[in-house]
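Asker: Residue numbers (this note's numbering), protein chains in the order written: chain A, 1 to 173; chain B, 1001 to 1247; chain C, 2001 to 2394.
Structure incoming, see below.
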Amino acid sequence: MTPPQSACGASAPGGQRQRTGRAGSAAFARLGRAARGALVSAVLAVAAGPAVAGPPVIERAAKGERCVEDTATMRRNHMRFLEHQRDDTVHGGLRGAKHSLKGCVDCHASKTTGSVAAAKTDFCVVCHTYAAVKIDCFGCHATKPDGVIATRPSGALATQPNGALATAAGAKP
Amino acid sequence: MSDDKSRRGFLGMAAAGLAGVMLAPGIRLVEVAQAATPGGASAGANPKVRWGMLIDTTKCASGCTDCVDACNAENGLAKPTRSTDPQWIRKVEIKEIKTGRQSSVPVMCQHCAEPPCVDVCPTGASFKRADGIVLVDRHSCIGCRYCMMACPYKARSFVHEPLTDQKPDVPRGKGCVESCTLCVHRLDAGQKTTACAEACTKAGHGAIVFGDLNDPSSEISRRVREVRSTQLRADLRLDPGVRYAGL
Amino acid sequence: MQALMNARNESRNFWLLAAFGALVTAAGLGAAHLMEEHGHAITGMDNAVVWGMPHVFAIFMIVAASGVLNVASIGSVFGKPEYKRRAPLSGLLSIAMLAGGLMVLMLDLGRPERIVVAATHYNLSSVFAWNVLLYSGMVAIVAIYLWTMFERRFNAWSRPAGIAALVWRFVLTTGTGSIFGFLVARQAYGTALLAPLFIVLSFGWGLAVFLVVQASMYRWNGRHLDPALQRRLARLLGVFVAAALFLVAVQHLTSGYFARQQAFEAFILRDGGVYPWLFWGGYVLVGAALPLLLLFHPRLGGEGGMLAACLLIVLGAFAWLYVFIIGGQAFPLEIFPGAVVSSSFGDGAIADYAPAWPEWLLGIGGLGAAFLLTVIGVRAFDFMPQDDLASGGH
């Protein structure tokens, strides 16, 4: 009786030793010492490139004196602020709050391009490229401020039912 | 025999390791999910309000697209040329088969009280706000288009291409589903009406009345008390917020 | 020496098959990448036909994945020994096809990078959300079921695992049918019949796929299916095909009885161009009548006849799904009953749809992924149904 077989010729249960996975390291070992050194240096150089190039140069905001939060807090937490705010805006209808994305764009739009994400030197792109984090926001959100605070009746600020004022985009409370 | 045992042992450990690697991020995902609750009591959206529209089709001229043009301008929609282009509102030319009577009617998201699109959305991105406006939360929308299958009014559009130059108040982008928002960005800012209703009134037709259906003293409430109006596909019992007179 | 030559040939054959499967899968992934970069504008889908060719492939694979587990259920749950020997292969195919179908479904999303959102945010009134849980649970349950069959110490647990898998896949296929059954808006859907219809369809499609794979494995290894067993399998497949045809007939007869549905039924069955052709020619003739003839005819119903019938059933499945999914969307929504309507958004008009090549590639890529997983599984583990062993084995 022939031993049981699987399709495509798997061997009998009990296995057959496979020699895999050693090809890569074997190839590396076969290179001469100089070649190995060059290869490792090249890989390290590419990986360390951004660090060697230095931290990003961030263009100063065009409007306002200071941001709604201090720089260190913003650097670490802006994504959390935005994520929380977006639910309040979309589900709750709160617009123009302290952490509104529109507010960020309003102040930080570049003087030259008028945008926060059009050119490599624009505010959001500069840091995100350095940190290699893809920005998802601007597939949907406008990167340029709307110039006029167009959809608000002039002078009047939207009020919430409890009487508190909702601040207009960019203005400080 | 020892080959068997060591191979099995290896497979067992590999499976356990793989399971661990796959489960570990899930623990973090549970954390993310539990943190991702929508902003509690909606301060901007008032639950006492139910926004609605009354459209008097006898005042709607065939070929007039003032409401459509205003909506496109307000929300940054390009003029549609292909079947893949989004349309939030369109004019439908109707001819009754038996009587020959013709009318022209703007159709948009009906903002149902029992929206099928909200029921079927797997992530809850399609939702009904406290004030009755049915919206798509594009942060959660995965673009599965199930809501488009479910809508009886063909209200929703899918964005088939990358977009640029969006209006700052109306973010919209490739891969998500969208529909009429009853100009929610204007309402939240304190304005009293939608772009389409405003344009229709300014042009002198007066076919579209927008307002709070829950407020008995609002113009729309008075009008629906006086004039006979119907809902589209009322047999489905979805209770749309948009009513039509003269159909 | 001969054994070593065989082993080398088999190894080479495995790598060739795996490379082919990987290539097909890669083509599908490439198409998905293009769709993600340029948007769905490069496909044939639009705002009228929102689910296109990829969904046809995906739903076939998902429904067949559920049905292919039938063979295992007949073995483990009902205790038939010939089916018990085939249970592991059935489990492997189930996982492979589910993986392929889900790959296509997820890559067809408008925002496939948001799978994490789908996995963490559940709207439990959506049957789609339930399906996300059911599909992933299915993979886990079948994996455990396979383990109880392979690990001799746990063989006694294979029956409870088999029962769990049976119940789970009934719920899963009900869920798949209900994705359409719960849509009140469209005349093609919104009926309770769709859940049981999908279950019966899964039986036929799943068994057909199983028999094709089994026949390929046997041919590759120069083995033959015992004629008595082959006749039994053929009869079972024939019963499934006939039952599905019956339910499809009842669905259309009932729908056509209602005045408000008659325009739609006329479209699907007579006036709709490609849709009646695919329904009558593709499904009824090629996908049901011819296979029934091949399976039950005394002279035609041999091993070759059965294989041909299985392939025809799969073709018929694609034809039926195309009519069901795409024909159902092509017919306009009736927002103003009793009126003829037109608009800039396609109201009142039959939607024009032609699948574009990225959609074909994505769908075929899913088949490739299922094929690749099957090839690897069969190479690594002992999935060949062993009829000639004296002991039952599993």
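For every residue, glycine included, the Cβ atom is placed at its ideal position computed from N, Cα and C.
1) Does DSSP classify leucine 2293 of chain C as helix, strand or coil?
2) In the region 49-92 of chain A, which residue ranges form an unbroken beta strand (DSSP E) of at least 3 residues, counting only runs that do not cross its ends?
3) Just to confirm, are leucine 2197 of chain C and valine 2248 of chain C a CB contact at a threshold of 8 Å?
4) Taking just the CA atoms, how far does alanine 2129 of chain C sit from glycine 32 of chain A?
5) Taking DSSP as the reference, what is the three-state secondary structure of glutamate 1093 of chain B?
6) Going by beta carbon distance, what residues of the same chain come within less than 8 Å of glutamate 1161 of chain B, once the five residues before and after it are set aside?
7) Taking the continuous alpha helix (DSSP H) assigned at phenylalanine 1127 of chain B, which residues delimit it?
8) Alpha carbon to alpha carbon, how far is alanine 2263 of chain C from valine 2323 of chain C?
9) Look at the Cβ atom of isoleucine 2335 of chain C, then the Cβ atom of valine 1107 of chain B, and state whether they are nearer than 8 Å.
10) Of all the alpha helix (DSSP H) runs that stay within the bounds of the region 2202-2272 of chain C, which reach a length of 4 or more residues?
11) Of the residues that make up the region 103-132 of chain A, which ones have a beta carbon closer than 8 Å to any beta carbon in chain B?
12) Does the distance from the C-beta atom of glycine 1241 of chain B to that of glycine 1052 of chain B stay below 8 Å?
13) I'd like to know if glycine 2338 of chain C contacts chain B, where contact means its C-beta is closer than 8 Å to some C-beta of that chain.
14) What are the residues of the region 2332-2357 of chain C that lie near chain B, defined by any Cβ-Cβ distance shorter than 9 Å?
15) Alpha carbon to alpha carbon, how far is threonine 89 of chain A from arginine 95 of chain A?
16) Would you kindly check if the distance between the Cβ of methionine 2138 of chain C and the Cβ of leucine 2107 of chain C is under 8 Å?
17) Count the C-beta pairs between the region 2182-2198 of chain C and the region 2312-2332 of chain C that are closer than 8 Å, then say yes if the count reaches three, no if not.
18) Got a sec, what are the start and stop residues for the alpha helix (DSSP H) tryptophan 2157 of chain C sits in?
19) Would serine 1217 of chain B and leucine 1054 of chain B qualify as a contact pair, given that the criterion is a beta-carbon distance under 8 Å?
20) Where does serine 2066 of chain C fall in DSSP's three states?
21) Quick check on DSSP: helix, strand or coil for threonine 1099 of chain B?
22) For valine 2117 of chain C, return the contacting residues in chain B, with the cut-off set at a CB-CB distance below 7 Å.
23) Could you tell me whether the Cβ of histidine 91 of chain A comes closer than 8 Å to any Cβ of chain B?
24) Closest to glycine 1190 of chain B by C-alpha separation, out of B:Glu1178, B:Gly1211 and B:Leu1232, would be which residue?
25) Have a look at C:Phe2180, C:Asp2271, C:Val2142 and C:Leu2307 and flag the residue whose alpha-carbon is nearest the alpha-carbon of leucine 2237 of chain C.
26) Is the Cβ-Cβ distance between cysteine 1196 of chain B and isoleucine 1089 of chain B less than 8 Å?
27) Quick one, are the C-beta atoms of leucine 2278 of chain C and alanine 2242 of chain C less than 8 Å apart?
28) Select from C:Trp2220, C:Leu2109 and C:Trp2360 the residue whose C-alpha is nearest the C-alpha of valine 2378 of chain C.
29) So what does DSSP say about glycine 170 of chain A, is it helix, strand or coil?
30) For phenylalanine 2371 of chain C versus lysine 1154 of chain B, is the C-beta spacing smaller than 8 Å?
31) Cα separation between aspartate 87 of chain A and valine 1159 of chain B?
32) Determine the extent of the alpha helix (DSSP H) in which tryptophan 2015 of chain C is found, giving its start and end residues.
33) According to DSSP, simplified to helix, strand and coil, what is glutamate 2334 of chain C?
34) Given that arginine 86 of chain A touches chain B, what residues does it touch there, using C-beta distances under 8 Å?
35) Considering just the uninterrupted stretch of the alpha helix (DSSP H) at tyrosine 1988 of chain C, what are its terminal residues?
36) So if I threshold CB-CB distances at 7 Å, which residues from the region 134-145 of chain A count as touching chain B?
Answerer: Looking at the coordinates:
1) helix
2) none
3) A contact, by the Cβ cut-off of 8 Å.
4) 57 Å
5) strand
6) Thr1084 and Lys1174
7) That residue, phenylalanine 1127 of chain B, is in no alpha helix (DSSP H); its beta strand (DSSP E) goes 1126-1128.
8) Approximately 16 Å between the Cα atoms of the pair.
9) yes
10) Here the runs fully enclosed are 2227-2257 and 2262-2266.
11) Val105
12) Yes, the pair counts as a contact, with Cβ atoms nearer than the cut-off.
13) yes
14) Pro2332, Leu2333, Glu2334, Ile2335, Phe2336, Pro2337, Gly2338, Ala2339, Val2340, Val2341, Ser2342, Ser2343, Ser2344, Phe2345, Gly2346, Asp2347, Gly2348, Ala2351 and Asp2352
15) 6 Å
16) no
17) yes
18) Taken as a continuous stretch (DSSP letters only), tryptophan 2157 of chain C belongs to no alpha helix (DSSP H), as it is neither H nor E.
19) Cβ distance not < 8 Å, so serine 1217 of chain B and leucine 1054 of chain B don't count as in contact.
20) helix
21) In the three-state reduction of the DSSP assignment, threonine 1099 of chain B falls in the coil class, being assigned neither a helical nor a strand state.
22) Thr1123, Ser1140 and Ile1142
23) yes
24) Sorting B:Glu1178, B:Gly1211 and B:Leu1232 by C-alpha distance to the C-alpha of glycine 1190 of chain B places B:Gly1211 at the top.
25) C:Leu2307
26) yes
27) no
28) Looking only at C:Trp2220, C:Leu2109 and C:Trp2360, the smallest Cα-Cα distance to valine 2378 of chain C is reached by C:Trp2220.
29) Here the model assigns glycine 170 of chain A a pLDDT of 36, short of 50, so the residue's position is not dependable and the matter cannot be decided.
30) no
31) 22 Å
32) Per DSSP, the unbroken alpha helix (DSSP H) holding tryptophan 2015 of chain C starts and ends at 2002-2038.
33) coil
34) His1139
35) A question about residue 1988 of chain C goes unanswered here, because the residues of chain C that appear run from 2001 up to 2394.
36) Those would be Gly139, Cys140, His141, Ala142 and Pro145, in chain order.
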